[in-house]
């Protein structure tokens with residue numbers, strides 16, 4: 007089932023000022039366009055470090071929206087490593103989406119210091135700037151690789167998650183609330199397997215490389231990811247990690263849909279890669295609650311008198327030793343389901 011998380015009606019962005027770090031990445035761009043389509047923000051700030059990407063994105067927006075909408079858009083060149091620049095950019099901001107990160111697993115392993123500076127120190131800077139400017143709500147994007155991480159990228163995102171969760175304990179009378187959103191592979195995003203396979207097929211390969219025939223992955227579209235973040239703003243209480251209920255698929259099945267009948271060549275799992283992805287581990291089950299469309303890992307350390315989601319009628323605690331992994335998922339993509347995702351992912 008293709009699930010949308012009510013992006014149009016759940017987020018309170020009318021007349022608000024929103025800042026998006028990593029605003030010229032795949033997620034940031036789609037988030038900005040979605041806000042402009044469905045809301046009338048006072049201001050939306052695209053914060054990123056690449057002037058060419060900002061120029062290109064501005065040109066794209068010019069072709070999509072009337073000028074009265076685009077008056078709300080501001081482009082700030084800056085890096086999340088620069089705390090002073092972040093603090094300057096967040097003046098009078100109501101909501102922050104933290105999407106900036108170094109995400110490539112091999113690059114992180116080869117350049118660990120750079121990954122730490124962006125993903126961990128950058129998270130600290132976002133928290134500090136948000137508190138200094140009395141931002142209302144901050145949602146940080148995470149990854150399934152942050153659950154039981156085996157590579158540096160996942161480890162830095164786990165540290166980032168902990169920083170944002172703990173930040174709620176220090177906001178005091180400022181009242182800023184921080185939450186995290188964690189989801190799996192985005193269909194068609196840069197570096198994902200779908201455009202990789204399609205590139206190989208365009209070059210006329212006679213077989214597709216498969217790391218392991220047992221491998222499974224979670225799948226979500228960019229549109230779904232943006233909608234999930236927007237709906238999480240509406241329901242967040244601070245300190246929780248939201249995880250959407252999304253389908254899994256075997257990599258071999260995905261390859262078969264993209265290239266029916268083409269042989270596969272098993273090349274082995276790459277360093278830092280998992281056979282199956284985890285979004286909720288057994289160790290988190292005792293603080294995890296279930297909604298109809300998502301899970302939420304509630305904060306284990308609650309020093310700011312946060313009420314549990316269990317006070318809601320449609321929420322229940324998960325069973326003991328529960329885990330949410332791409333191989334034990336109850337929802338699976340078949341060929342028709344993948345084609346539906348691909349059609350909705352604008353590929």
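Residue numbers (the numbering used here): 7 to 353.
All C-beta atoms in this analysis are idealised placements derived from N, C-alpha and C, irrespective of residue type, glycine included.
Just the C-alpha distance for residue 97 and residue 68, rounded to the nearest angstrom, thanks. Within the model, the alpha-carbon separation for residue 97 versus residue 68 is close to 26 Å.
Given a threshold of 16 other Cβ atoms within 10 Å of its Cβ, counted over all protein chains shown, does residue 274 qualify as buried or as exposed? Exposed, since its Cβ has fewer than 16 Cβ neighbours within 10 Å.
Starting from the Cα of residue 211, find the closest Cα among 74, 261, 48 and 336 and give me that residue. Of the candidates 74, 261, 48 and 336, the residue whose Cα lies closest to the Cα of residue 211 is 261.
Taking a contact to mean a Cβ-Cβ separation below 7 Å, would you say residue 52 touches residue 102 in this structure? Not closer than 7 Å, so no.
Which whole-angstrom value describes the C-beta separation of residue 348 and residue 253, a residue pair presumed to lie in contact below a C-beta threshold of 8 Å? The pair is not a contact, with the Cβ atoms about 13 Å apart (cut-off 8 Å).
Roughly how many angstroms lie between the CA atoms of residue 222 and residue 333, to the nearest whole one? CA-CA distance, residue 222 to residue 333, rounds to 6 Å.
Go ahead and label residue 272 buried or exposed: buried means 16 or more other beta carbons lie within 10 angstroms of its beta carbon, across all protein chains shown. The residue in question, residue 272, is exposed, as its Cβ has fewer than 16 Cβ neighbours within 10 Å.
Residue from 116, 256 and 93 whose Cα sits closest to the Cα of residue 129: Nearest of 116, 256 and 93 to residue 129, Cα basis: 93.
Residues sharing a beta bridge with residue 294, DSSP: According to DSSP, residue 294 bridges with 303.
Can you look up residue 310 in the DSSP assignment and give me helix, strand or coil? Looking at residue 310 - three-state DSSP - the assignment turns out to be coil, as it is neither helix nor strand.
Can you say whether residue 183 is buried or exposed, counting buried as having 16 or more other CB atoms within 10 angstroms of its CB? Flag for residue 183 reads buried.
Per DSSP, which one or two residues make a beta bridge with residue 33? DSSP, once it has assigned bridges, lists no residue as partnering residue 33.
Just mark residue 72 as buried or exposed, buried being the case when its beta carbon has 16 or more other beta carbons within 10 Å. Result: exposed.
Residues near residue 157 in its chain [Cβ-Cβ closer than 6 Å; skip 5 each side]: Around residue 157: 111 and 278.
For residue 159, count neighbouring C-beta atoms within 10 Å of its own C-beta (all shown protein chains included) and say buried if the count is 16 or more, exposed if not. By the 10 Å Cβ count, residue 159 comes out buried.
Under 7 Å, do residue 192 and residue 200 count as touching if we go by C-beta distance? No. Outside cutoff.
Alpha carbon to alpha carbon, how far is residue 344 from residue 263? Distance between the alpha carbons of residue 344 and residue 263: 8 Å.
May I ask you to list the residues that DSSP assigns as paired with residue 101? In the DSSP output, where bridge partners are listed per residue, residue 101 has 24 and 143.
Pairing CB atoms from the segment 148-155 with CB atoms from the segment 202-211, are three or more of them under 8 Å? No, because fewer than three Cβ pairs between the segment 148-155 and the segment 202-211 fall closer than 8 Å, the two stretches do not touch.
In whole angstroms, give me the CA-to-CA distance for residue 126 and residue 188. The straight-line gap separating the alpha-carbon atoms of residue 126 and residue 188 is approximately 16 Å.
Can you list the beta strand (DSSP E) stretches of 3 or more residues lying completely in the segment 147-201, in chain order? Taking 3 residues as the minimum length, the beta strand (DSSP E) runs contained wholly in the segment 147-201 are 183-187, in order along the chain.
Once you ignore the five residues that flank residue 122 on each side, which residues in its own chain have a CB closer than 7 Å to its CB? Excluding sequence neighbours, residue 122 sits near 162.
Evaluate contact between the segment 20-30 and the segment 52-62, counting only Cβ atoms and requiring at least three cross-stretch pairs below 8 Å. Result yes; three or more Cβ-Cβ pairs closer than 8 Å.
First and last residue of the beta strand (DSSP E) that includes residue 272? Membership of residue 272 in the beta strand (DSSP E) is indicated by the continuous run 270-272.
Flag this pair as touching only if the segment 167-183 and the segment 226-235 have three or more C-beta atom pairs under 8 Å; answer yes or no. Contact between the segment 167-183 and the segment 226-235 is absent: fewer than three C-beta pairs spanning the two stretches fall below 8 Å.
Under a three-way DSSP split, which group does residue 215 fall into? Correct three-state label for residue 215: strand.
Sorted by chain position, which residues of the same chain lie with C-beta nearer than 6 Å to residue 337's C-beta, five sequence neighbours on each side aside? So the list reads 253, once near-sequence residues are dropped.
Taking buried to mean at least 16 other C-beta atoms within 10 Å of its own C-beta, is residue 320 buried or exposed? Residue 320 is classed as exposed because its beta carbon has fewer than 16 other beta carbons within 10 Å across all chains shown.
Drop a sphere of 10 angstroms on the beta-carbon of residue 290, count the other beta-carbons inside from all chains shown, and report buried for 16 or more, exposed for fewer. Residue 290 is buried by the Cβ-count criterion.
Helix, strand or coil for residue 353, going by three-state DSSP, please let me know. Interpretation of residue 353 is limited by its pLDDT of 47, a score under 50 that renders its predicted location unreliable; no figure is taken from the coordinates.
Roughly how many angstroms separate the alpha carbons of residue 354 and residue 304, rounded to a whole number? This structure gives no information on residue 354, because the portion of the chain shown stretches from 7 to 353.
By the three-class DSSP mapping on this structure, what secondary structure does residue 221 have? Coil, per DSSP.
Take residue 64 as the anchor and find which of 74, 81 and 49 has the nearest alpha-carbon. The candidate whose alpha carbon is nearest that of residue 64 is 81.
Taking the alpha carbon of residue 61 as the reference point, which residue from 35, 48 and 44 has its own alpha carbon closest? Comparing C-alpha distances from residue 61 to each of 35, 48 and 44 shows the shortest one belongs to 35.
Where does residue 235 sit, in a helix, a strand or coil, going by DSSP? The three-state reading of DSSP puts residue 235 in helix, counting H, G and I together.
Measure the alpha-carbon distance for residue 285 versus residue 230 and round it to whole angstroms. Near 17 Å, if we compare the C-alpha coordinates of residue 230 and residue 285.
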